[in-house]
Every structure is written in structure tokens, then in C-alpha cells.
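I have placed the structure first, in the form of C-alpha cells, so that the comments after it can refer back to it.
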Amino acid sequence: MIDAPSSAWFTVHPDWHWLVVTYFFFGGLAGGCYVLAAVIDLLGRERDRPLARVGYLSVLPCLAISGVALIFDLSRPDRFWHLLVEVHTWRPLFQLWTPLNAGAWVLLAFSFFALLSSLAAAAEAGWLRWRAPLRLRSPGVAGAAIAVIGALLGLYVASYEGALLAFTSRPIWSETPFIGPLLVLTALSMAAAYLLLFGLWRRWELPGMRVLQRIDAQALGVALLVLVALVVSLGGSARALLSPINLLLLAALLVVGFIAPLALRMRGRGVAVAAVLVLVGGFLMRTLIVFSPYGASA
Amino acid sequence: MCIRDSWKTDGNPLADVADPKFPYVGTTYRLTEHYLSGAMSRWNPWLTELMPELFIELSPELATEKGIANLDWVKISSPRAQVRAKALVTRRLRPLQIDGSTVHHVGMPWHWGYEGLTTGDIMNELTPLVGDPNVSIHEGKAFVCNVEKG
Amino acid sequence: MAEPVGFFTDTTVCIGCKACEVACKQWNQLPATEGGQNTLSGDSYDNTRKLDGTHWRHVQFIEQFTEDRSDGRWLMMSDVCKHCVQAGCLEVCPTNAIIRTEFDTVVIQSDVCNGCKACIAACPFGVIDINPVSNTAQKCTLCYDRLQNGLEPACSKACPTDSIQFGSVKELRERAATRVQQLHDGGEKRAYLYGADEKMLGGLNSFFLLVDRPEVYKLPPDPKLPSSNVPMSALVSGLGALVAAAIALVNFRNRTKEP
């Protein structure tokens, strides 16, 4: 008790658990999918448009799951709208310096852009009888603008949780700036893995499939470096990672989420297996992030 | 210590001097949170949550000697009765050095009984029926006892 | 705004009676743990264990005895929300439920809170928790309703030794300084004030007189505001996002594209 590594060890853990992990996972996947789809469109890769289509169409379902998880994580889910509307005045509530409030508004905006892009993707696939939405997608000025703004919002959605956790007084969360980059980089690799699996399932042979494998591996490689930086930046509080459950999670994460998929990718084998491992690793990563300070008390 | 003839009954045996069956000294005392036998205070949730269970206090030295850990159940016995309570191991109790030998002291709050939000054994059953020499008020608050794990 | 008010808790005269805990529970009608059927903690006389959603005052008991019993003392301290001048809970609350009152106290509006638990993670002292009855975050209100009616808080009213003193922060600080001097003059050199000046989070409106290091009382030696972490975190997150975007762009670059 008296030799606590930092003042953060005198705080109390909030009851954020699996619902928050779920939100981090699907929020990251949503952001990553949109970014990849937008990049494919903006760089004019005609043959890979089916991949982009899947990317766009996957965003809203992921956000729906995230939204439900977030709402039910509140102790008073019936009051989720208090995040956006001031209760006593009924005016919209903007406290954009708090990640929780800013995140709520950005999620709304991102959902809107995801909707626009989904309509365009659906129209292109011939599912809608309405041709107007085609203009919402590249090529075309409107399409490009939507892709850029949507991708920026997607990057925010995939990374802001780091700032959200930093905006606390808990050990680990408030003691390193590296959680955000770790989340966004693994989100990118998760999205690449997901799109890859989808394409393999549909037996597509598109040039983008190889690119996704490279993106997956590179993002993971950089993420591993960020993870090392994170542990080092914790200083004395890294002791929190030494609890049995945290060590187990960390070991599982390193093997399943980094070493195995990177090894497979470098040898060009087990493409689908590696993709599944990346997704599992992404989930383990978020589990470790959310649960790691749990036992850290003075 | 005054024992009137009418108190020398079957239910009130006293220990022999230096009886090895009862090597420790027990004293009974009060806690702030409960009142007397707890008949009123142990029905008040705001009070019972402050002191929820019967316990005795013993020094770490006695605890080590008898293999008792903090919060273990223990049996406390006197010539008159045997009760069970949880053990609170604390340095606030200390072994007494009397005439060159170590005599252990066991502390016993006596606020518990068999009804209420929290129940527990009646610690005062351990005490002898003895009175002070002046007015014969019951003064059995210090007596010999034994403590065992279990 | 009226003058800032708060508590000066002089732990050297606390007798560990817990009248403050009970008075607080009675005034605010807070439920007892497990209906009053909880368990012995084994931690001295402290069965409340910690401040939480249904315990807004918590008396700590710290036994400090040497092995040979030649020296020893039993420290008692009534812990409470510090009503910080720069409050971590207030700055993170995304629904504006947490406000600063006209008495310079920090209050969580129960009708606004939606239980997001950000304040629980943000409080540097671990004071806040969810009340399982209301399912919102709750903590000491410094008896806001009593203050608005000219009464002093329930705990300070109940405290029989005046360990908990209520009043204007300015006056309390003067009284506390005098008391520390008195203790020093009497030989208790370890006495000091915790949170009585602007250095700690702008000052704690509910500050303490302690006789050992803060960690002994489970108080952080160097509490900070959560916002102090955000600029760096946001910057590094932004860089991370840039790197991610770059990885996507560089790899999807159409190499066969004609210039």
C-alpha cells in the first residue's frame, strides 16, 4: 500500500468491462473498414471496388453493435441521450473537450457518412432502384469529399478511446499516451483481416487481397513497437501488468495477436488463419487494455 | 471478588488457581456501534453494517501459538460455557508478563445474541456469577479461558 | 457566489465513533450494505472498507504498533469527498451532471447522471461509485440541501469531538494552521495539513490534518487532474492515426498508374 508506484494507484476502477471491450472492437473495425474502403476509392482502384463495397456496407452494422454496447454499459441506459442533450434546458450538449461527449457526436456524424457511402455501395451493387446515391461515391467531387471526411471521422472513432482512457486517473490508462495509436493501428489490421476473410470466402481474386495482407502485417508490426513503447512508458506502474491474469492475457496477445500472424504473413502461408488470429488478437488487445488496471490499487 | 453462598451453584463452577485447562485471561468490553446485549442495536442496519459479526481480539503472538489466522473461527471456553467467534488478530492486544511468565489476554465484545439482523454467541455465558464486595453488582468481566482454532 | 465552505477534518481528535457515517446515511437515506448483514473485514474496526455509492463518509482505522509494543498509536480518520477546487470528476463528466454549487462545493445532479462512470475513473481519490439503488454515481454533497436551508452538514453536526469542522474555507484554514502549530509546540511534529493550500488541485475545500504520510491514509501524495494527460494522448493518437492512414495509402498506391 505504502509503496504504490504512483498516485494513480489510489483511485478506484470504474465498472467498464466486456461491453466496453465490445465497443472498442466493433468501433475500431468500423473505423478501419471505412478508411480502407475510402483509400481504395480515392486511389482509383477499379478492380478492388468490391472490397470497398464490403468495407462501406460493414460499417453501419459494426456501429450498431457498438452503439448497443455503449448504451447498455451505462448504469442508466434509459438516459443515454443525456450525452447529447442537456437535461434541464433540452439544448444540444457540446463538451467537445471531453472524449466521451466528443466521441458521441463523432459517432453520430460518422454513422451519417457511413450511411451515405452504404447507399452508394448498395446502388452500385444494383440493390437499389434509385441511381442518385451513386454520386455519393468516388469518382466525383461529392464522393471524394465524403470519402475523405468519413475516413477522418473513422480514424477518430478508431483512436479516440485512447484519449478517453487517458482522461481518467487510473493506473496504465492515465500514465501512457500510447493506447490511442495502439488501438488505431490494430483497428486497421483487424479491418484488413476482415475484408481479406470476406474476399476469401467469396473466392475473389483481386489485386487488393494481396495489398490487404501487406497492410495487415505492416500495421501489426508498427503496433508491436507501440506496445513496447507503451509498457516502457508506464515506468513503475508496469507492475500492474504482472498480475497472473494480465500476464496470461499479455502472453496470449503476443503469441496469437502478433507473433503467429506476423510469422504466417512473412512466409506467405495460412492467409485465412493469420487473418482470424489478427481479429482474435485485436479482441485480446482490447480486453487487456480495459481490464489491466482492475487490480491496481494501493 | 465476592461469591455469596447462593451463587455457589452447579451452573457456576470456578477454575482452580493456575488451571492448565484455562491458561489465558479473557476480558469483556463494549464497542461503540452496539449497545449492551445488542437487543436494539442489532436490528438497526446502519449499526450492524458497522460491526457485522461477533469477534474476539487476540495478539499476533497468541495467534501464532495456536495457528489462528485473522478472521478464522475460534472456540473460546471457560469453566461455564463454550462459544464460537471470529478472530481479529491485532497488536493492540499484548501478552502480559506476570511473575516471569507470559499470560495471554483475549478481548471479547459482548453485544451479540440469537436474534437480530446479525446474530452470534452470547459472550457473557463465559463469565462467572460473581459480585463486587460492596453491593454485589455483577463484576465477572475478567476471567480465565481457553482459545482454540475451530 | 457565497463564500466557499467545506470541512476541516482534524484526525488527531477523531475517536472512531462513526457517528459521521451514520448521520450521513440517515440524512441521505442511504441503504446499508447487504441490508446490514455484511461481513467482518478483518481490517481493524473498519468494516465499511471504502467510500462508495452508499458510503459517503468512511472512517479509517490504522494500527501502528511496534513489535515490542514500546511505541504505538491507532490513527482514525473520517474520509470524505474532497470537494476539490479543480475537480477531476467535474471536468470529465460528459452529461454536465456534476456542477459547482454556489457554496463552491461539487455536487452530482442525480436526475442528470446516466451512470457512464467516467467520474469514478477520474477522481484522484477514488471517492465516487455507483449507488446500486439509483444506478447513478453518487458521493458526498456536503449536504447541499441542508446548506441551502442554513444548516450545517449532518456529519459535522453529529461529530462529538469536533474532529469534523464545517465553515468557510478561509476560516477553517486559519483554525487548522493554529491547530498544527499547537500540536508542533506540544511535541507532535508529524502533524501537517493535507490539501489546505492551492498547490493540490487548486486546494481541497475538504482538507485534513494528518500525522503520517498521505499513503498511510490511502490518500495520493501527488494527485493530478485527468485533463493533464489529454494533450499528449491526443497528439500521439493523432500521429498514430496518420501512420495508419499512411500505411493504407502507401500500400494501395496504384503502381501501374501512368504518370
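Protein chains in written order, with our numbering: chain L, 543 to 840; chain X, 1011 to 1160; chain S, 6 to 264.
The C-beta atom is built at its ideal place from N, Cα and C for all residues, glycine as well.
This one's a predicted model, so the numbers in the text were calculated from it and none came from an experiment.
| query | By DSSP, does Phe13 of chain S sit in helix, in strand, or in coil? | reply | strand
| message | Quick check on this structure: which residue in S:Ala37, S:Gln69 and S:Phe70 has the alpha carbon closest to the alpha carbon of Arg54 of chain S? | response | S:Ala37
| request: Give the DSSP-derived three-state secondary structure of Met82 of chain S in the structure shown. | output: strand
| field | Cβ separation of Ile757 of chain L and Asn256 of chain S, assumed to be a contact under 8 Å, to the nearest whole Å | value | 5 Å
| So, Leu635 of chain L versus Val648 of chain L, is the Cβ gap smaller than 8 Å? | no
| said: Using a Cβ-Cβ distance cut-off of 8 Å, determine whether Leu254 of chain S contacts chain L. | reply: yes
| query | Helix or strand or just coil, what does DSSP make of Gly645 of chain L? | reply | helix
| field | Phe70 of chain S: contacting residues in chain X (beta-carbon distance under 7 Å) | value | Arg1101 and Arg1102
| Taking Cβ to Cβ, would you say Leu80 of chain S is nearer than 8 Å to Thr14 of chain S? | no
| query | Which two residues bound the contiguous beta strand (DSSP E) that contains Glu1067 of chain X? | reply | Phe1065 to Leu1068
| field | Phe1065 of chain X and Val1154 of chain X closer than 8 Å at C-beta | value | no
| field | Enclosing alpha helix (DSSP H) for Met732 of chain L [first to last residue] | value | Ile721 to Trp743
| request: Count the CB pairs spanning the segment 586-604 of chain L and the segment 640-647 of chain L that are closer than 8 Å, and state whether there are at least three. | output: no
| task | Identify each residue in the segment 1049-1063 of chain X for which the Cβ-Cβ distance to at least one residue of chain S is less than 8 Å, and report them in chain order. | result | Asn1054, Pro1055, Trp1056, Leu1057, Thr1058, Glu1059, Leu1060, Met1061, Pro1062 and Glu1063
| request: Entirely within the segment 122-187 of chain S and at least 4 residues each: give me those alpha helix (DSSP H) ranges in chain order. | output: Taking only runs of at least 4 residues, the alpha helix (DSSP H) segments lying wholly in the segment 122-187 of chain S are 123-127, 149-152 and 159-163.
| task | Give the secondary structure of Val90 of chain S by DSSP, where H, G and I count as helix, E and B as strand, and everything else as coil. | result | coil
| Between Ser75 of chain S and Cys25 of chain S, which are expected to be in contact by the criterion C-beta below 8 Å, what is the C-beta distance as a whole number of angstroms? | About 32 Å separates the two Cβ atoms, so there is no contact after all.
| said: Which residues of the segment 593-626 of chain L have a Cβ closer than 7 Å to any Cβ of chain S? Give them in chain order. | reply: Leu616, Ser617, Arg618, Arg621, Phe622, His624 and Leu625
| message | With a threshold of 8 Å between beta-carbons, can Ala37 of chain S be considered close to chain X, or not? | response | yes
| Looking at the C-beta of Asn119 of chain S, does it have a partner C-beta in chain L at a distance below 8 Å? | yes
| Rounded separation between Ala1049 of chain X and Pro1062 of chain X - CA only | 14 Å
| message | Can you check which of these residues, L:Thr829, L:Ser617, L:Ala759 and L:Phe655, is closest to Met808 of chain L by C-alpha distance? | response | L:Ala759
| task | Express the C-alpha separation of Arg712 of chain L and Glu263 of chain S in angstroms, rounding to a whole number. | result | Here Glu263 of chain S scores only 42 on pLDDT, less than 50, and its place in the model should not be relied on; the value that follows carries that caveat. Each residue's Cα considered, the two are about 53 Å apart.
| field | Nonlocal neighbours in the same chain, by C-beta distance under 8 Å from Val768 of chain L, ignoring five residues either side | value | Phe720, Pro723, Leu724 and Leu727
| query | Three or more beta-carbon pairs under 8 Å between the segment 56-64 of chain S and the segment 190-203 of chain S, yes or no? | reply | no
| request: Say whether chain X places a C-beta atom closer than 8 Å to the C-beta of Trp79 of chain S. | output: yes
| Backbone CA spacing between Val27 of chain S and Leu1057 of chain X [nearest angstrom] | 8 Å
| field | Glu68 of chain S - partner residues in DSSP beta bridges | value | S:Trp79
| query | Using a C-beta cutoff of 8 Å, does Gly200 of chain S count as contacting chain L? | reply | False, the Cβ-Cβ gap to chain L never drops below 8 Å.
| request: Output, in chain order, the set of chain S residues within a Cβ distance shorter than 8 Å of Asn1080 of chain X. | output: Going along chain S in sequence order, the residues near Asn1080 of chain X (Cβ under 8 Å) are Gly47.
| field | Cutoff 6 Å; reference Glu1043 of chain X; Cβ partners in own chain excluding five residues on either side | value | Leu1057, Leu1060 and Met1061, listed in sequence order.
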